[in-house]
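So for the sequence shown, this note's numbering puts the first residue at 45; every next one is plus one.
Just so it is clear, CB atoms sit at the ideal spot from N, CA and C, and this is done for glycine as well.
Let me begin by presenting the structure, written as structure tokens, before commenting on it.
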Amino acid sequence: MKKQGIRLIKSLFAMALLTLMTVSCQKHYSVSDLLGTWSYNEDPEYSITFREDGTLGYTTPVSVPSSTYTPTYTLDGIYIYIRVMIGSAVVSDVVEIRSLKSTTMVLYYDGELLFDGQSLNGEYILTKK
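Dropping the structure here:
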């Protein structure tokens, strides 16, 4: 009986240590890590600007009326939740931060197919301007 009690205590202790190690390995970013303008490496004409007030700015080669779209974001750990208001409709999505350094950000997107069947899934490398 004494050996079983010792084994139980050891296993509980091991589980507690494993939990602590797992939690400490999770990355959490702050909004200040994102602030600024980031451009897409493969096509620098596309860029996104994270602002302190939670809004997003963007540039594209094709002009889009700014009054049409109102993009905002929130950050939760390694996930960026993006919300775009298009008229009275709201489109929400999430991207995962795979890596974030002072000048480089790697994002991963795994979402729905676009209306024309295209997929935007994959990793995107952004460079801070």
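Inset, instruction - Report all residues from its chain with a CB closer than 6 Å to the CB of Thr-93; omit the five preceding and five following residues, and keep chain order. - result: Counting from one through the sequence shown, the residue named residue 93 turns up at place 49. Contacts found: Thr-81, Gly-101.
Inset, instruction - Please list, in chain order, all residues of the same chain as Tyr-113 whose beta carbon is under 8 Å from its beta carbon, the five residues on each side excluded. - result: Indexing the sequence shown from 1 puts residue 113 at position 69. So the qualifying residues of the chain are Val-128, Met-129, Ile-130.
Inset, instruction - Please state whether DSSP places Ser-107 in a helix, a strand or coil. - result: What you label residue 107 is simply residue 63 of the sequence shown in a count that begins at 1. Of the three classes helix, strand and coil, the one that applies to Ser-107 here is coil, per DSSP.
Inset, instruction - Can you give me the Cβ contacts of Gln-162 inside the same chain, cut-off strictly under 7 Å, excluding the 5 residues immediately before and after it? - result: Within the sequence shown, residue 162 is the residue found at index 118, counting from 1. The answer is none, since no qualifying residue turns up.
Inset, instruction - Measure the C-alpha to C-alpha separation of Glu-167 and Val-106 and round it to an integer number of angstroms. - result: Within the sequence shown, residue 167 is the residue found at index 123, counting from 1. Within the sequence shown, residue 106 is the residue found at index 62, counting from 1. So the alpha carbons of these two residues sit roughly 23 Å apart.
Legend entry - Residue nearest to Leu-164 in terms of C-alpha spacing, selected from Thr-171, Tyr-90, Tyr-152: Position 120 of the sequence shown holds residue 164. Checked all of Thr-171, Tyr-90, Tyr-152; the closest Cα to Leu-164 is Tyr-152.
Legend entry - 8 Å Cβ shell around Val-30 - same chain, five flanking residues per side excluded: With the chain running from 45 to 173 in the structure shown, residue 30 is simply not present.
Legend entry - Reduced DSSP category for Leu-119 - H, G, I as helix; E, B as strand; rest coil: On the sequence shown, position 75 is the one that residue 119 refers to. In the structure shown, Leu-119 sits in a strand (DSSP, three-state: E or B).
Inset, instruction - Thinking Val-138 and Ile-124 are a contact (beta carbons under 8 Å), I'd like their distance in whole angstroms, please. - result: Along the sequence shown, one-based indexing puts residue 138 at 94. Along the sequence shown, one-based indexing puts residue 124 at 80. Between Ile-124 and Val-138 the Cβ distance is about 7 Å, and since that is below 8 Å, they are a contact.
Legend entry - Residue range of the beta strand (DSSP E) that includes Leu-151: Here residue 151 refers to the residue found at position 107 of the sequence shown. Its beta strand (DSSP E) spans residues 148-153.
Inset, instruction - Could you check which residue in Asp-120, Ser-132, Ser-143, Thr-104 has the C-alpha nearest to that of Ile-169? - result: The residue labelled residue 169 in the question sits at position 125 within the sequence shown. Comparing Cα-Cα distances from Ile-169 to each of Asp-120, Ser-132, Ser-143, Thr-104, the minimum goes to Ser-143.
Legend entry - Residue of Leu-78, Asp-154, Tyr-73, Lys-172 minimising C-alpha distance to Asp-97: What you label residue 97 is simply residue 53 of the sequence shown in a count that begins at 1. Ranking Leu-78, Asp-154, Tyr-73, Lys-172 by Cα distance to Asp-97 puts Leu-78 first.
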